[in-house]
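Everything below concerns the one structure shown next.
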Amino acid sequence: MMYFCLFTLGFFFIKMCSTSATFQNTNVTEIFVNGKNGSDIPSCGQKRLPCKTVSYAIGRILEENSTSGVVNLFPGIYEAESFKVDCGTNHLQKLVIQGIGTSEKVQVTLSTDIIKCDIIFNNIQWTSTSPSPVLLNLLIANVSIVNSIVTDLPFSIIGLGSSIKLWNATISNCVGYQPLLPLMSASGLTGFNSNIILNTATFSFNNAQLISAKEITAIHMEKLNFFSNNVTVEQILILIDRCQSVLRDSHFMNNSGSIIKMTQSTMANITGSVFGNNDVMSGSLLVVSKQVVLHIDSCSFSSIYGTSSGPVLRTEREASLINIQSSYFSCNRVNSSIHLPPIHSHSLTTVNCTNCTINPHCPVYCTAGSFVLEGVMCSPCPKGAYSTERVQNITTITCKRCSPGYYSSSLGSKTCYPCAKGTFSSKSGSTQCSPCKNDFMTSGEGESSCSRMTIGCIVLTVFVILLILIPLLLLAGKHLSTTTKRIGLGTKPKDFKILHEDVTGSVQ
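Have a look at this one:
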């Protein structure tokens, strides 16, 4: 609102300083243009004798060496016009192109190259019955689109070292100037401030990436409506890379594809915004990657649908910090389930959710080896703890620590394991077992301590061994004795008897 008021005051200042077509003794030149009844002649520009084309009118302004220029467009259609303004080569600093009159629309397909200038488009509708691509190409320049509509066109604004501003504007049913080109993109340039400022604007039914902000100073979005916009699986509706960002009091409804991706943003704030009925496909509503500090406050996330984990928020790679407070989560689905966590966090990312409210009809369920964290995400059980499968719609809120004599050495354990014989764990929550030392030992698995062999234990052990060995020795001795008698005193073999008789007979 403050920016809009400043613009209005500036515009009225221009109007008060200009009462005719051209002014030799002032810094403002005003030109009137009528696409139907005007004529591009050297004397054109007055309200009674307007020029015919925008490009000719701008040429007239440049001829006057003014620091500011105003082009007033009568209602009508201005097709396929393009112009270039380089304020680095003349005195011009600011240019206003505006539609006049309220009963009829001013329809244009203006493309422009702007270098080192401020340009304002006010009360204009970019549209065409036979769509002509429109490109606003900015180099170290600032463009403002106010009270205007862009519809049914291939349309893009590209800025390098430049700022893009929208107030009370609508962009609908558009695609990029070229395939995969965003509708609005700004990239930073060393030594120059670059910003994207969007206030009270609507983006609807577009089939392209909407905004790309890379290495600019900041992007500020407030009181915006995004509905029924579509991007492919590989694209993001709004990409914020290495710049500060603010999103406030905005609505995102019925969009398809990932909504916002933030990368290396030292400060990002989302406040008082509503996200509902968005289909994020295999992506996520909010994607955070590489060292982002994100604060979310008083937002609503409901009926978000995706095919992968974390349909509301997903973190990727490297450490980030995400603080969520006083926000509402309701029945966000992954495929056919409404009980999977809406947030999926990378292990290095810290996510806090304070005073968050969860719809009781669709609580989050976590699988074995994990637990519900802050009611909105699943986190693996730490080492030394475990959790089992949920039973009867009851979710494990915290993991259980392993009992003494048991251990868990990895994250996300579903059970604890007993210490092997000769090892022990004396505390609950152990991540490993310790071996018994010296003459200490354990009697079996799952022991919480080791014990030493006492004299009584040794005597008892020897006695038990003797009780076992003596009967065995006696039994073995008896068996051996029986075998000996059978060989030495039993019935002689038949061959032996015949030999004995023959010998006896020979002697006789």
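With mature numbering (1 follows the signal peptide of the UniProt record, and there is no 0) applied, the sequence shown covers -21 to -1, 1 to 487. Using N, Cα and C, we set each Cβ at its ideal position, and we do this for glycine too. Quantities reported herein were computed from a predicted structural model and do not represent experimental measurements.
Query	Result
Please report the distance separating the alpha-carbon of phenylalanine 272 from that of isoleucine 301.	The sequence as given places valine at residue 272; phenylalanine does not occur at that position. Roughly 6 Å separates the two Cα atoms.
Spatial neighbours of glycine 80 within its chain, please: CB distance less than 7 Å, with the 5 preceding and 5 following residues excluded, ordered by chain position.	Phe53, Pro54
Report buried or exposed for lysine 457, applying the criterion of at least 16 other Cβ atoms within 10 angstroms of its Cβ.	exposed
Just mark proline 321 as buried or exposed, buried being the case when its beta carbon has 16 or more other beta carbons within 10 Å.	buried
Sort out for me which residues DSSP pairs aspartate 19 with in a bridge.	In the DSSP output, where bridge partners are listed per residue, aspartate 19 has none listed.
Excluding five sequence neighbours on each side, which residues of the same chain lie with their C-beta closer than 8 Å to the C-beta of threonine 211?	Gly236
Cutting at 7 Å between CB atoms, please list the residues of its own chain near lysine 362, excluding the five before and the five after it.	Ser387, Ser388, Ser389, Leu390, Thr410
Could you tell me which residues DSSP puts in a beta bridge with isoleucine 249?	Leu226, Ile275
Given that a residue counts as buried once 16 or more other Cβ atoms are within 10 Å of its Cβ, and exposed if not, what is residue 503?	With the chain represented from -21 up to 487, any question about residue 503 goes unanswered, as that position is not in the structure.
Report the option in Met356, Ala364, Asn311 whose CA atom is closest to the CA atom of histidine 340.	Asn311
Which first and last residues belong to the alpha helix (DSSP H) in which leucine 41 is found?	33 to 42
Which residues mark the beginning and the end of the beta strand (DSSP E) in which tyrosine 344 is found?	It is not in any beta strand (DSSP E) - tyrosine 344 carries neither H nor E in the DSSP assignment.
Which value, in whole angstroms, describes the spacing of the CA atoms of residue 496 and cysteine 398?	What the structure shows of the chain is the stretch from -21 to 487, and residue 496 is not part of that stretch, so it cannot be assessed.
For lysine 15, count neighbouring C-beta atoms within 10 Å of its own C-beta (all shown protein chains included) and say buried if the count is 16 or more, exposed if not.	exposed
When the Cα of leucine 139 is compared with those of Met200, Ile93, Ser107, which residue comes out closest?	Ile93
Using DSSP's beta-bridge definition, name the partner residues of glycine 138.	Leu117, Ala165
Have a look at threonine 130 and isoleucine 190 and give me their C-alpha separation to the nearest angstrom.	16 Å
Here's a check: name, in chain order, each residue in its chain whose Cβ is nearer than 8 Å to the Cβ of leucine 452, leaving out the five neighbours to either side.	none
Tell me, which residues are paired with glutamate 9 by DSSP?	Val49
Taking DSSP as the reference, what is the three-state secondary structure of proline 414?	strand
Provide the residue span of the beta strand (DSSP E) that contains phenylalanine 205, from first to last.	204 to 206
If you draw a straight line from the alpha carbon of alanine 364 to that of threonine 377, how long is it in whole angstroms?	9 Å
Exposed or buried, glutamate 426, counting other C-beta atoms within 10 Å across all chains shown (16 or more means buried)?	buried
Helix, strand or coil: which one does DSSP assign to glycine 67?	helix
Which value, in whole angstroms, describes the spacing of the CA atoms of phenylalanine 2 and glutamine 25?	Per-residue confidence for phenylalanine 2 stands at a pLDDT of 39, beneath the threshold of 50, marking its modelled position as unreliable; the derived number appears in the next sentence. Rounded to whole angstroms, phenylalanine 2 to glutamine 25 spans 11 Å at the Cα level.
Where does aspartate 418 land, buried or exposed, given buried means 16+ other C-beta within 10 angstroms?	exposed
Taking the C-alpha atoms as reference points, what is the distance between lysine 193 and serine 244?	10 Å
So asparagine 248 and histidine 230 are in contact, right, with Cβ under 8 Å, and what is the actual spacing, rounded?	Actually they do not touch by this definition, with Cβ atoms about 17 Å apart.
Is it buried or exposed for arginine 27, if we count other Cβ within 10 angstroms and need 16 for buried?	exposed
Cβ atoms of valine 7 and serine 47: under 8 Å apart, would you say?	yes
Mapping DSSP to helix, strand and coil, what is alanine 148?	strand
Would you decide whether leucine 159 is buried or exposed? Buried here means 16 or more other CB atoms lie within 10 Å of its CB.	exposed
So, helix, strand or coil for leucine 453, using DSSP?	helix
So for valine 313, helix, strand or coil by DSSP?	strand
Using DSSP with H/G/I as helix, E/B as strand and the rest coil, what is isoleucine -8?	Caution is warranted here: a pLDDT of 40 is assigned to isoleucine -8, below 50, making its placement in the model unreliable, and no coordinate value can be reported.
Starting from the Cα of threonine 149, find the closest Cα among Ser142, Gln157, Leu132 and give me that residue.	Leu132
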